[in-house]
Amino acid sequence: MTKQNSSDIFAELKNVLATLPFHLSDIEKYSLSTEIRNLPGWDSFKHLTYLMAIEERFDIEIGPEEFREIGTFSDLVDYVERATG
398 MTKQNSSDIF AELKNVLATL PFHLSDIEKY SLSTEIRNLP GWDSFKHLTY LMAIEERFDI
458 EIGPEEFREI GTFSDLVDYV ERATG
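When you read off a place in the sequence shown, starting at 1, and then add 397, the result is the number in my numbering.
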């Protein structure tokens with residue numbers, strides 16, 4: 398995979414989120430500081446589904462410890478950068 402910069406990764410994370418059947422609106426308004434677990438109607442199943450989609454899209458593995466530590470989009474961007482770097 399070609400190394401992407403953080404803004405490209407963030408854009409792709411939002412694109413992946415938009416493809417999932419979560420019926421979220423205003424995805425384009427989410428910022429790096431947005432708490433993923435505080436998205437409207439978010440629950441542990443949606444969190445797991447989203448992170449699994451991220452794993453597939455970026456061909457990475459997110460371990461249980463990281464799963465618990467990823468709170469914001471910034472955390473997720475940082476993790477993807479490290480995992481793909």
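Even glycine gets a Cβ: it sits at the ideal position worked out from N, Cα and C.
These numbers were taken from a predicted model, which means no experiment stands behind them.
Just to confirm, are residue i and residue j a CB contact at a threshold of 9 Å?
i    : j    : result
L429 : V477 : no
T431 : F470 : yes
G450 : L417 : At residue 450 the sequence reads Ala, which differs from the Gly that was named. Cβ distance < 9 Å, so A450 and L417 count as in contact.
V413 : R479 : no
L367 : I467 : No statement about residue 367 is possible, as the shown extent of the chain runs from 398 to 482 and does not include it.
L407 : G438 : The identity of residue 407 in the sequence shown is Phe, whereas the question assumes Leu. Not a contact, by the Cβ cut-off of 9 Å.
Pick from the options: whose alpha carbon is nearest that of residue i?
i    : options                : result
T481 : E452, F442, R434, A408 : E452
P461 : D405, N402, L445, A415 : L445
(message) So within the stretch 402 to 472, which uninterrupted alpha helix (DSSP H) runs reach at least 4 residues, ignoring any that extend past its ends?
(response) 403 to 416, 441 to 455, 461 to 466
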